[in-house]
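Chemist: Listed in order, the protein sequences are those of chains A and B. Residue numbering for the first sequence is 1 to 115, as defined by this note's numbering. Residue numbering for the second sequence is 1 to 114, as defined by this note's numbering. Just passing along the structure, written as structure tokens.
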Amino acid sequence: GAVVSQHPSRVICKSGTSVKIECRSLDFQATTMFWYRQFPKQSLMLMATSNEGSKATYEQGVEKDKFLINHASLTLSTLTVTSAHPEDSSFYICSALQGLSDTQYFGPGTRLTVL
Amino acid sequence: AQSVTQLDSHVSVSEGTPVLLRCNYSSSYSPSLFWYVQHPNKGLQLLLKYTSAATLVKGINGFEAEFKKSETSFHLTKPSAHMSDAAEYFCVVRGPGGYQKVTFGTGTKLQVIP
Chain A
1 GAVVSQHPSR VICKSGTSVK IECRSLDFQA TTMFWYRQFP KQSLMLMATS NEGSKATYEQ
61 GVEKDKFLIN HASLTLSTLT VTSAHPEDSS FYICSALQGL SDTQYFGPGT RLTVL
Chain B
1 AQSVTQLDSH VSVSEGTPVL LRCNYSSSYS PSLFWYVQHP NKGLQLLLKY TSAATLVKGI
61 NGFEAEFKKS ETSFHLTKPS AHMSDAAEYF CVVRGPGGYQ KVTFGTGTKL QVIP
């Protein structure tokens, strides 16, 4: 149980385009999901907290107009990187909070490369 | 405020020998503590968690951790390392109650030598 998926696992795009990443909780409902960014050989940095049916809460320094988050259902949150630039290239990881265990379960991550 | 410090960025052990990955935390409240493992280019897998119950927590794959309040530590151990244990390990602290945001340590890369 407590499986979280992400799609796509890898994406390469041109500078200026937008990319959407999906995060799904497969066997549980999650009112709260989180989006993280991980630079090479570094730890995870929380970008935003996604709450089903309401606006996401962004961490300081994260541009909400650039990183659009939508949490339209109890099993799906999406992160859209708008007008992507090479500096947005990173490993993006989502997690979903399972209420029963009060624990975050993480997706496998999405490697974004912006050319 | 909460923080977590992983004292070693790299740990190297021989296969079959014990593993010790150190973690110290700081929290204004009684924290919840977690250890996650990340294999290359993969997401994070929960190894174990402490949430104010038993101080010695057993996790998956033979790992365990002991919560020591007096030392503000939550070190991860395994009696005998396996080659498949080679990965990055993250210690994570979370505040009390409904506060769900977590803080990650900087990670410890475990190398297992055959």
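Cβ atoms here follow ideal geometry from the backbone N, Cα and C, with glycine treated the same way.
Can you give me the start and stop residues for the beta strand (DSSP E) that Ser26 (chain B) sits inside?
Modeler: Looking at the DSSP string, the run of the beta strand (DSSP E) that includes Ser26 (chain B) is Cys23 to Ser27.
Chemist: Anything in chain B within Cβ reach of Gly109 (chain A), meaning under 8 Å, just list it in chain order.
Modeler: In chain order: Asn41, Lys42 and Gly43.
Chemist: Closer than 7 Å by beta-carbon distance: list the chain B residues that pair up with Leu46 (chain A), in chain order.
Modeler: The answer, in chain order, is Lys101.
Chemist: I'd like the span of the beta strand (DSSP E) that includes Asn41 (chain B), first residue to last.
Modeler: Taken as a continuous stretch (DSSP letters only), Asn41 (chain B) belongs to no beta strand (DSSP E), as it is neither H nor E.
Chemist: Beta-carbon within less than 8 Å of Val13 (chain B)'s beta-carbon, same chain only, minus the 5 sequence neighbours each way: which residues are those?
Modeler: Contacts found: Val19, Ala81, Leu110, Gln111, Val112 and Ile113.
Chemist: On the CB-based measure, 16 or more other CB atoms within 10 Å of its CB, does Glu88 (chain B) come out buried or exposed?
Modeler: So Glu88 (chain B) counts as buried.
Chemist: Which stretch, first to last residue, makes up the beta strand (DSSP E) that contains Met45 (chain A)?
Modeler: Element bounds for Met45 (chain A): Leu44 to Asn51.
Chemist: Can you grab the Cα-Cα spacing for the pair Ser90 (chain A) / Gln98 (chain A), in whole Å?
Modeler: Whole-angstrom Cα-Cα distance: 26 Å.
Chemist: Under DSSP, the beta strand (DSSP E) around Thr101 (chain A) begins and ends at which residues?
Modeler: The sequence as given places Ser at residue 101 (chain A); Thr does not occur at that position. Here Ser101 (chain A) belongs to no beta strand (DSSP E), and DSSP marks it neither H nor E.
Chemist: Pairing CB atoms from the region 107-114 of chain A with CB atoms from the region 4-19 of chain A, are three or more of them under 8 Å?
Modeler: They touch, by the three-pair rule.
Chemist: Listing by chain order, which chain C residues have their CB less than 9 Å from the CB of Thr106 (chain B)?
Modeler: The chain labelled as chain C is not found among the protein chains of the depicted structure, namely A and B.
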